[in-house]
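So the sequence shown is numbered by our numbering: it starts at 183 and just counts up by one.
Ideal Cβ placement from N, Cα and C applies to all residues, glycine included.
Just so we're clear, the structure is a prediction, and the values are computed from it rather than from any experiment.
Everything on this sheet refers to the single structure shown next.
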Amino acid sequence: MAIVDYRGHKVVAQSIIPGILQGDKSDSLLYGSVDNGKKISWNETFHSKVVEAAKQLHLKEHVVLDGSGNPVKLAATVECKGIVGSDDR
């Protein structure tokens, strides 16, 4: 994602994840939540990458509770999403 400032106008530019426009988004969600934390997805590989980035940003891992009260350890906000495209990237 990038913020583009062109002739006094700011636009947010984001690439489209392959396959995201077809099917259910929750099927491709590896990390985070699409429903404000009611259900939280978590993936060890993705989490370790988020932890690396969080260290550079001086963010700490923390525990959040999903809609059922189950604890989930995250290194970003629950709104942060890790999504895998239909091309497995």
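Check                                                                                                                      : Outcome
Pick from K221, K242, H240 that is closest to G249, judged by C-alpha positions                                            : K221
Minimum C-alpha distance to V260 - residue among K231, L247, D187, G190                                                    : L247
Local conformation of H240 per DSSP, three classes                                                                         : coil
Residues near R271 by beta carbon distance below 8 Å, same chain, minus five either side                                   : P200
Chain-order list of residues whose beta-carbon lies under 8 Å from that of S223 (same chain, five-residue window excluded) : S208, L211, L212, Y213, G214, S215, G264
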